[in-house]
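Novice: My structure is below; once you've seen it, I'll send some questions.
Number of protein chains: 2
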Amino acid sequence: MLVEIWSDVVCPWCFIGKRRFESALKEFAHRDEVEVIYRSFELDPSAPEVGVESISAALGRKYGGTPEQVTEMMGTVSALAAAEGLRFDYENVTHTNTIDAHRLLHLALDVGGLDLQAKLKEALLSAYFEAGRSMGDREVLTDVAVSAGLDPARVAEVLDSEEYADGVGGDLRQAFEFGIQGVPFYVFDRQLAVSGAQAPEAFAQALDQAYSAETPTLGVLADGTVCGPDGCALEDQSA
Amino acid sequence: MLVEIWSDVVCPWCFIGKRRFESALKEFAHRDEVEVIYRSFELDPSAPEVGVESISAALGRKYGGTPEQVTEMMGTVSALAAAEGLRFDYENVTHTNTIDAHRLLHLALDVGGLDLQAKLKEALLSAYFEAGRSMGDREVLTDVAVSAGLDPARVAEVLDSEEYADGVGGDLRQAFEFGIQGVPFYVFDRQLAVSGAQAPEAFAQALDQAYSAETPTLGVLADGTVCGPDGCALEDQSA
Chain A
22 MLVEIWSDVV CPWCFIGKRR FESALKEFAH RDEVEVIYRS FELDPSAPEV
72 GVESISAALG RKYGGTPEQV TEMMGTVSAL AAAEGLRFDY ENVTHTNTID
122 AHRLLHLALD VGGLDLQAKL KEALLSAYFE AGRSMGDREV LTDVAVSAGL
172 DPARVAEVLD SEEYADGVGG DLRQAFEFGI QGVPFYVFDR QLAVSGAQAP
222 EAFAQALDQA YSAETPTLGV LADGTVCGPD GCALEDQSA
Chain B
22 MLVEIWSDVV CPWCFIGKRR FESALKEFAH RDEVEVIYRS FELDPSAPEV
72 GVESISAALG RKYGGTPEQV TEMMGTVSAL AAAEGLRFDY ENVTHTNTID
122 AHRLLHLALD VGGLDLQAKL KEALLSAYFE AGRSMGDREV LTDVAVSAGL
172 DPARVAEVLD SEEYADGVGG DLRQAFEFGI QGVPFYVFDR QLAVSGAQAP
222 EAFAQALDQA YSAETPTLGV LADGTVCGPD GCALEDQSA
């Protein structure tokens, strides 16, 4: 089963949801057949590369609350994160662009597969939410990516170029086509979806349901030359 | 776009089809948005690990032809392979099980991603068809996998265990559910399929059609707490 998770590295519900999904997956009988791919979603593509506004200031501006109300709001989210074993400490972090973080997640998928991408995703979320490090800072991104196991030279190459911008764009386009309005958003075998940081029980139900779902009927465009249990076709039917 | 290719490493049409698909992909305008994953398909799960029968003998037994007819048959396939730049030379190779080769392809996907899996897939097909090496032989598999970039210790661990048998089983189960009778079999975004070693034009058409296809409607099971362009939901709706 293929589970695609659209999320952003600066999205608190994405980190909380990650733990809840992981709890459900750990208990899922067919977990060894599940592949998880992280898809890119930029919450604010217009955010600056170098942060100038703290998250609390950005929240205050967005929701129009007083600093005290913002602090309370962040405390509520942090308490829910703590219930999942996460130590949120992002008061002083700044509001930045995440395109480079997403390009590195695509690099990780390409060169290190599902394992390396998952490792980098976790490391980026933790760097941002638990260590208050900026997702727009090249040094931070390099440090986190290299610690996760990526090659420093390839990381530099990607950060110096537009490499993987197409991959990020493809994820965003797919999100748009699925009508995804917010993240985290979980897609199971391109059939079923769960929106948001659900309780583990909801994810467990989705895994069960997707696993036993009717396989969609494929539109077979063309029938050519194949090998099957009874041998190989001898004539090239594509000619 | 996700293209999943079911194939076996001992299937001549899979290698020929690989070149034809690659020709089409190379010309596809959105090729940078295409991810290719190889899925496992065992043509003969009951084949012995250590080959005792040559391919030509197995073909003769299967199709009931004389040795001369079998040689001619193999010559025809080799000529089509040559048209794709492949030098088939598999007369003396033996008919073996391919489960271990498939388990290594799953390892490659896990630890090295799409790139490493693609590299190993190509190397296994070439080892079998162009160098006449056995796919059931541990030394051959180790040599090919390590040359492709896999860690020797991990390769040994996987070959010493049943690791990734679940992953191979999951691919076979999915093939069964899609009604796949023979390989190669190409699935585009779990919507469209192309069966067999088609001409590049057929793959080009499938890529175009899949790219512009209507995105399937997802069944949204549950709506929880998300962050969106306008900010993050403040209440945990999963509670």
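As given, the protein sequences belong to chains A and B, one line each in that order. Quick note, my numbering runs 21 ahead of the 1-based positions in the first sequence. Quick note, my numbering runs 21 ahead of the 1-based positions in the second sequence. Even glycine gets a Cβ: it sits at the ideal position worked out from N, Cα and C. Note that the coordinates shown come from a computational prediction; the quantities given were computed from them, not determined experimentally.
Going by Cα to Cα distance, which pick from B/S75, B/L126 and B/D53 is closest to B/G190?
Specialist: The option with the nearest alpha carbon to B/G190 is B/L126.
Novice: Do you know whose CA, among B/I37, B/F42 and B/F150, lies nearest B/P221's CA?
Specialist: Among B/I37, B/F42 and B/F150, the Cα nearest to that of B/P221 is on B/F42.
Novice: Could you name each continuous alpha helix (DSSP H) segment of 4 residues or more that falls completely within the segment 122-170 of chain A, going from the start of the chain to the end?
Specialist: List check, alpha helix (DSSP H) in window: 159-169.
Novice: Going straight from the alpha carbon of A/E151 to that of A/I76, what length do you get?
Specialist: Roughly 14 Å between the two C-alpha positions.
Novice: Taking the alpha carbon of B/G240 as the reference point, which residue from A/D65, A/R211 and A/P250 has its own alpha carbon closest?
Specialist: For the residues A/D65, A/R211 and A/P250, the minimum Cα distance to B/G240 belongs to A/R211.
Novice: What are the boundary residues of the alpha helix (DSSP H) that includes B/A225?
Specialist: It spans P221 to Y232 - the alpha helix (DSSP H) in which B/A225 sits, taken as one unbroken run.
Novice: Let me check one thing: in DSSP terms, what residues is A/A243 bridge-paired to?
Specialist: Paired residue(s): B/V215.
Novice: Measuring only between beta-carbons, confirm whether A/K16 sits less than 8 Å from chain B.
Specialist: Not covered by the structure: residue 16 of chain A. The range shown for chain A is 22 to 260.
Novice: If you measure beta-carbon to beta-carbon, which residues of the segment 215-241 of chain A are closer than 8 Å to chain B?
Specialist: Answer in chain order: V215, S216, G217, A218, Q219, A220, A223, Q226, A227, Q230, T236, P237, L239, G240 and V241.
Novice: Excluding sequence positions up to five away, which residues of its chain have a Cβ less than 7 Å from the Cβ of A/Y149?
Specialist: Excluding positions up to five away in sequence, the list reads V30, V31, Y111, V114 and M156.
Novice: Any Cβ of chain A within less than 8 Å of the Cβ of B/A243?
Specialist: It does: the Cβ of B/A243 has a partner Cβ on chain A nearer than 8 Å.
Novice: How far does the alpha helix (DSSP H) with A/E93 in it extend, from its first residue to its last?
Specialist: A/E93 -> alpha helix (DSSP H) spans P88 to A104.
Novice: Measure the alpha-carbon distance for A/V165 versus A/E93 and round it to whole angstroms.
Specialist: Near 30 Å, if we compare the C-alpha coordinates of A/E93 and A/V165.
Novice: When the cut-off is 8 Å and only beta carbons count, does A/V132 lie next to chain B?
Specialist: Yes, because at least one Cβ of chain B sits closer than 8 Å to the Cβ of A/V132.
Novice: Using DSSP's beta-bridge definition, name the partner residues of B/L64.
Specialist: Answer is none; B/L64 lacks a bridge partner.
Novice: Short check: CB of B/L193 to CB of B/E63, under 8 Å?
Specialist: For B/L193 and B/E63, yes; Cβs fall inside 8 Å.
Novice: How would you label A/F224, buried or exposed, when you count the other beta carbons within 10 angstroms and need 16 or more for buried?
Specialist: It is buried - the Cβ of A/F224 has at least 16 other Cβ atoms within 10 Å.
Novice: Could you spell out where the beta strand (DSSP E) holding B/S44 opens and where it closes?
Specialist: From DSSP, B/S44 is part of no beta strand (DSSP E) but of the alpha helix (DSSP H) over P33 to E48.
Novice: Output the boundary residues of the beta strand (DSSP E) element that contains B/V24.
Specialist: Here the beta strand (DSSP E) through B/V24 covers L23 to S28.
Novice: Please classify A/A139: is it buried, with 16 or more other beta-carbons within 10 angstroms of its beta-carbon, or exposed?
Specialist: Its Cβ being crowded by 16 or more others within 10 Å, A/A139 is buried.
Novice: Does the distance from the CB of B/L128 to the CB of B/I37 come in under 8 Å?
Specialist: Their beta carbons are not under 8 Å apart, which means B/L128 does not touch B/I37 by this criterion.
Novice: Is B/G203 closer than 8 Å to A/C248 when the C-beta atoms are compared?
Specialist: For A/C248 and B/G203, yes; Cβs fall inside 8 Å.
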